[in-house]
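In numbering that gives the first Met the number 0, the protein residues as written are 0 to 594.
Here's the structure, in structure tokens; my notes come after.
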Amino acid sequence: MKKLSLFMILTLLGTFGFAQVIFQVQAPSTPVALQTTYPLTWADPGGGDWACPDLNIPANSITGELIFVDDGTPGIHPTYGHPMQEQACASPGFSQPALAGKIAVLYRGDCQFGYKAAVCENEGAIGVIIINHTGAAVGMAGGDSGLVVTIPLIMISEQDGQTLEAAIHAGTITQAFIGNKFGIFADDLGARRGDVLRARRFSNLAGLSQNATEFSVPVGSWVRNFGSAAQTGAQLKCTVNNGTQIYADSAIVPGTLASGDSAWVSLSTFSQASYPVGQYTMEYTISLSPNPDGEPSDNLIDASFAISDSLYSYGRLDAGGVPLSPAGFRSGNFSTDWEGCLAFDDPNGSRASSLGMTISATTSSTDSLTNQFVEARVYQWDDVFTDIEDPNLNFAILTQLDAAFFVYGSDLQDVPVFIPHAIGAIPLADNQRYLFCLNSPSQIIFAGYDSQVDYSTTQDDGVSGANGAHLQPSTPGAADGTYFLNGFGLDVQVAASVQMSVVTSVDESANNNTSVVAFPNPASDELNIQVGNINGAATIEVFDIAGKLVMSNAVTFGNNEVLKLDVSAISNGSYIGKMTFEDGTSTKFNVVVSK
Numbered sequence: 000m001k002k003l004s005l006f007m008i009l010t011l012l013g014t015f016g017f018a019q020v021i022f023q024v025q026a027p028s029t030p031v032a033l034q035t036t037y038p039l040t041w042a043d044p045g046g047g048d049w050a051c052p053d054l055n056i057p058a059n060s061i062t063g064e065l066i067f068v069d070d071g072t073p074g075i076h077p078t079y080g081h082p083m084q085e086q087a088c089a090s091p092g093f094s095q096p097a098l099a100g101k102i103a104v105l106y107r108g109d110c111q112f113g114y115k116a117a118v119c120e121n122e123g124a125i126g127v128i129i130i131n132h133t134g135a136a137v138g139m140a141g142g143d144s145g146l147v148v149t150i151p152l153i154m155i156s157e158q159d160g161q162t163l164e165a166a167i168h169a170g171t172i173t174q175a176f177i178g179n180k181f182g183i184f185a186d187d188l189g190a191r192r193g194d195v196l197r198a199r200r201f202s203n204l205a206g207l208s209q210n211a212t213e214f215s216v217p218v219g220s221w222v223r224n225f226g227s228a229a230q231t232g233a234q235l236k237c238t239v240n241n242g243t244q245i246y247a248d249s250a251i252v253p254g255t256l257a258s259g260d261s262a263w264v265s266l267s268t269f270s271q272a273s274y275p276v277g278q279y280t281m282e283y284t285i286s287l288s289p290n291p292d293g294e295p296s297d298n299l300i301d302a303s304f305a306i307s308d309s310l311y312s313y314g315r316l317d318a319g320g321v322p323l324s325p326a327g328f329r330s331g332n333f334s335t336d337w338e339g340c341l342a343f344d345d346p347n348g349s350r351a352s353s354l355g356m357t358i359s360a361t362t363s364s365t366d367s368l369t370n371q372f373v374e375a376r377v378y379q380w381d382d383v384f385t386d387i388e389d390p391n392l393n394f395a396i397l398t399q400l401d402a403a404f405f406v407y408g409s410d411l412q413d414v415p416v417f418i419p420h421a422i423g424a425i426p427l428a429d430n431q432r433y434l435f436c437l438n439s440p441s442q443i444i445f446a447g448y449d450s451q452v453d454y455s456t457t458q459d460d461g462v463s464g465a466n467g468a469h470l471q472p473s474t475p476g477a478a479d480g481t482y483f484l485n486g487f488g489l490d491v492q493v494a495a496s497v498q499m500s501v502v503t504s505v506d507e508s509a510n511n512n513t514s515v516v517a518f519p520n521p522a523s524d525e526l527n528i529q530v531g532n533i534n535g536a537a538t539i540e541v542f543d544i545a546g547k548l549v550m551s552n553a554v555t556f557g558n559n560e561v562l563k564l565d566v567s568a569i570s571n572g573s574y575i576g577k578m579t580f581e582d583g584t585s586t587k588f589n590v591v592v593s594k
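Here you go:
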């Protein structure tokens, strides 16, 4: 392997703004209830596929009236339900003089983001807002026209678009601000996602997190003054909740925080005597006194994590254990292949065996995943180093333990698929480093990535007072065999999970060490369930993500038998499978049904 490099050239389906880049509806717009800040993604020229202005620079901010595009196309979109005329997809363009001097609003739809923005700019628009047709705002590739777009371009969520739609049509949103908010408000404190300390990874294995010695979270954050007035007496608070509040601590920001300055605030470490399986809501709150914050959208930072009986991940998982993938990335400069990886090491790693990976992928609207393939690779990482500060850190000694192929039989855009290891369960070792990687040779596939978790401070050592930073690799990446410590950046995580079987004691029932692998995943009509080296009887239950039981079957099996489960009557979606054995022990697995 080639020597460690620090950065990765990338092509991406998204470039995501930090907290100081905002979209805010301002007075005198009506109704007054709409005068607030809305989450966004924006077209950043740093990705190389846009000529849009850098919105991190305050001088590039814009203020204007919002107006919907009307390109004259009749009808309603057959899939998403918005007017076809509001997509800005008419070719070879359209004439709408009313856009001049205003911020054009349109829907994501059937043509490239760059094309939409370019035709609006040609009509004199000073900026463009795209409303996503489904869910939260995502990133935007420039496509064929991105490098001719020289006005700001952002995206907002489907829900926020619906909230604003009537007022935009009525012409009552007469002032909206897009850009860097620095100095716009007198009283304005906040933090970015990467400013806070959080758990080393999002989903932590319960069998490796049994007590405070095995799992704890250092707590602290940078507090930044984006406003024009100096601040004293600001407070940082952190809480952790898993159904009930189990942690709360706060501290006053020391001294006076001048405009443009920041201060590090440490709080007490979060730890528990034991950690029940489930979601842990960890939130940082910044408050100032006596004046209210002029722009409070970055006063609450989510640093939540999960304790799972079988899933390991850096990106977020939903309540059903399915990776969330609002963005897509691939290396922008490679000849043979590229990889996005999850690093793993643990003092008690020998309790665990790895069973396989869940991944997702997308393509552009003009390409299909059908007949494309990816690999789930496992490497033993034998370079000897202490942490990321160690000059011996390298990727020179990687031994490939497994490479499992997955060929897309249909166009499963952004559908999680489980890829079991080709050699079966892989036993892990104490204090041994591993890389679990999604590998692709494709020039059209974008791997699913989570853009809502940032480990910059968590992994970093350059934080005064942040002595709890983990200093261990998180999500490396590679292009043509050259590895990059932080992959596409610590603010985006490959949307993948590793399914593991964990035992915490040699005295526990053998069923607790049973490898249960469900495949194919996604399944259409039949799901195969392979159990380990045991025999007997069990009950297999399948639950939807709301916890409703949708199937229950009693089965008997022999050693290493593959059971067949008919799922033809189950609707498309993500499910949780549970296999309960005769002695009362159980194990879970994820199931995706896609017909």
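Each residue gets a CB set at the ideal place from its N, CA and C atoms; glycine is no exception.
As the structure is a computational prediction, the values presented were derived from the model and not from experiment.
Item: Give the DSSP-derived three-state secondary structure of residue 90 in the structure shown.; Value: coil
Item: With a threshold of 8 angstroms, are at least 3 pairs of Cβ atoms found where one atom belongs to the stretch 328 to 335 and the other to the stretch 207 to 217?; Value: no
Item: Which value, in whole angstroms, describes the spacing of the CA atoms of residue 36 and residue 272?; Value: 40 angstroms
Item: Just to confirm the assignment, what range does the alpha helix (DSSP H) spanning residue 118 have?; Value: 112 to 121
Item: Any idea what DSSP makes of residue 498, helix, strand or coil?; Value: strand
Item: Roughly how many whole angstroms lie between the Cα atoms of residue 105 and residue 228?; Value: 37 angstroms
Item: Short check: CB of residue 348 to CB of residue 400, under 7 angstroms?; Value: no
Item: What's the call for residue 130, buried or exposed, on a 16-neighbour Cβ count within 10 Å?; Value: buried
Item: Can you tell me the Cα-Cα spacing of residue 160 and residue 47, whole angstroms?; Value: 28 angstroms
Item: Run through the stretch 25 to 78 for me and flag every whole beta strand (DSSP E) of 3 or more residues, listed as ranges in chain order.; Value: 61 to 63, 65 to 67
Item: Tell me which residues share the same chain as residue 316 and place their Cβ nearer than 8 angstroms to its Cβ, disregarding the 5 neighbours each side in the sequence.; Value: 201, 202, 305, 307, 310, 322, 323, 496
Item: I need the boundaries of the beta strand (DSSP E) containing residue 163, first residue and last residue.; Value: First-last for residue 163: 157 to 169, but that is the alpha helix (DSSP H), not the beta strand (DSSP E).
Item: Does the stretch 155 to 171 touch the stretch 180 to 198, meaning 3 or more C-beta pairs lie closer than 8 angstroms?; Value: no
Item: Using a 10 Å radius around the Cβ and a threshold of 16 neighbouring Cβ atoms, would you call residue 302 buried or exposed?; Value: buried
Item: What is the rounded straight-line gap between the Cα of residue 437 and the Cα of residue 244?; Value: 37 angstroms
Item: With H, G and I counted as helix, E and B as strand and the rest as coil, what does DSSP make of residue 388?; Value: coil
Item: Can you tell me the Cα-Cα spacing of residue 344 and residue 488, whole angstroms?; Value: 20 angstroms
Item: Would you tell me roughly how many angstroms separate the C-alpha atoms of residue 96 and residue 85, rounded to the nearest one?; Value: 15 angstroms
Item: Take the Cβ of residue 581 as the centre, count every other Cβ of all protein chains shown within 10 Å, and call the residue buried at 16 or more, exposed below.; Value: exposed
Item: By DSSP, does residue 96 sit in helix, in strand, or in coil?; Value: helix
Item: Quick check on DSSP: helix, strand or coil for residue 202?; Value: strand
Item: CB-CB under 6 angstroms to residue 374, same chain, minus the five flanking residues each way: which ones, in chain order?; Value: 402, 404, 438
Item: Taking 7 angstroms as the cut-off, decide whether the C-beta atoms of residue 153 and residue 128 are in contact.; Value: yes
Item: Under DSSP, the beta strand (DSSP E) around residue 585 begins and ends at which residues?; Value: 585 to 592
Item: Would you tell me roughly how many angstroms separate the C-alpha atoms of residue 150 and residue 22, rounded to the nearest one?; Value: 15 angstroms
Item: With DSSP collapsed to three states, give me the class of residue 376.; Value: strand
Item: On the DSSP bridge assignment, give the partners of residue 542 in chain order.; Value: 548, 575
Item: In the DSSP assignment, find the unbroken alpha helix (DSSP H) run with residue 455 in it and report its ends.; Value: 455 to 458
Item: Rounded to whole angstroms, what's the CA-CA distance from residue 56 to residue 240? Just pull it up for me.; Value: 37 angstroms
Item: How many angstroms separate the CA atom of residue 491 from the CA atom of residue 555?; Value: 43 angstroms
Item: For the beta strand (DSSP E) holding residue 281, just list the boundary residues, first then last.; Value: 277 to 286
Item: Identify the residues that DSSP records as bridge partners of residue 516: which are they?; Value: 529
Item: Between the Cα of residue 566 and the Cα atoms of 594, 253, 585, which residue gives the shortest distance?; Value: 594
Item: Check whether the stretch 467 to 479 and the stretch 361 to 368 are in contact - that is, three or more C-beta pairs closer than 8 angstroms.; Value: no
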